[in-house]
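In the numbering used here, the protein residues as written are 17 to 259.
Where a beta carbon is used, it is the ideal one built from N, C-alpha and C, also for glycine.
Scroll down for the structure; my scribbles are underneath it.
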Amino acid sequence: MSTTTDLSFADVSVDRAYPVPPFAQSCVDAARESWGASFDHPFVHALAAGTLEAERFRFYQMQDARYLEAFSDAAALISTRCPDPDDKLWFIDAARMALVVEGELHAGYGEQLGYDASEIAALTLTPNNRAYQDHMISTAQRGSLVEAVAALTPCPWLYIELGQRMEAEMGAIPDDHPYADWLAMYRDPEFNDYMANLLERLQRFADAADEAARERAKTAFQASIRYEWMFWQQAWTQQAWPV
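Set out below in structure tokens:
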């Protein structure tokens, strides 16, 4: 296993096991600097190395649980805007998955780190978390369909790619790694099908939109990538409101 100082996930290349259509690739290309920065935040390095302080991880997990509620809301809002029933059902399932599948991971760490659902419900959102949630929800409500999906896409895509880059760089997860469950979840090959379906829909909605909407979608995608970096940052610093 690599040491913390050896890790540089932004430089790790992986063969994606899902197709990346042209519009999705153009979004990543437009946000390349922000995309790369998210893989090399010190929170990510410490998490991968197993040296991340439990209090920082606890802070991250609790904020993330609340973020996923907003992700679920955004996916549900998108479902109401899809004319095709198959697309409606897919985004309804995505909304459910955000709460159920990832919720199981949060529940497990809650038992280990000493928090429960009532504490999550009473949590004060950090400024970064609230801003990210507002961005997703407002784009799902007021943007075009391609903008709404573009704002939603970076969260699962970045995590899945991070899991694959960690696997390529680190190899097998040590049995005694304190965050083994988190690392294993985002290496799960079942997410490849999820990404293939999401990116195919993003391409289809981009094809149906005009050029101005596609440009706004790229801007929404880049904003979400920046918020992903800011989400690592708010956990690393244990961000609080200044007043």
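Out of the options, which one is the CA nearest neighbour of residue i?
| i | options | result |
| --- | --- | --- |
| ASP27 | ALA184, GLN41, MET201, GLU227 | ALA184 |
| TRP245 | PRO170, ALA228, ASN213 | PRO170 |
| PHE107 | ALA147, VAL30, ARG74, LEU215 | LEU215 |
| ALA137 | ALA200, LEU84, ALA229, ALA40 | LEU84 |
| TYR202 | PRO190, ARG181, ASP191, ARG217 | ARG181 |
| PRO172 | ALA224, ALA110, GLY159, ALA133 | ALA110 |
Can you tell me where the alpha helix (DSSP H) holding residue i begins and where it ends?
| i | result |
| --- | --- |
| THR155 | 143-158 |
| GLU120 | 101-129 |
| VAL60 | 58-65 |
| ASP223 | 206-224 |
| ALA46 | 38-46 |
| PRO172 | 170-186 |
Classify residue i as buried or exposed, calling it buried when 16 or more other Cβ atoms lie within 10 Å of its own Cβ.
| i | result |
| --- | --- |
| LEU105 | exposed |
| TRP257 | exposed |
| GLY126 | buried |
| GLU227 | exposed |
| ARG242 | buried |
| ALA222 | buried |
| PRO58 | exposed |
| VAL116 | exposed |
| VAL259 | exposed |
| TRP248 | buried |
| GLU177 | buried |
**Request:** Determine, using beta-carbon pairs with one atom in the region 189-200 and one in the region 63-75, whether at least three such pairs fall under 8 Å.
**Result:** yes
**Request:** Spell out a yes or no on whether the region 114-121 and the region 233-243 are touching, meaning 3 or more CB-CB pairs, one atom from each, closer than 8 Å.
**Result:** no
**Asked** Should the region 202-215 be regarded as contacting the region 25-42, the criterion being three or more beta carbon pairs within less than 8 Å?
**Response** yes
**Request:** Say whether the region 149-163 touches the region 71-91, bearing in mind that this needs 3 or more beta-carbon pairs closer than 8 Å, one atom from each stretch.
**Result:** yes
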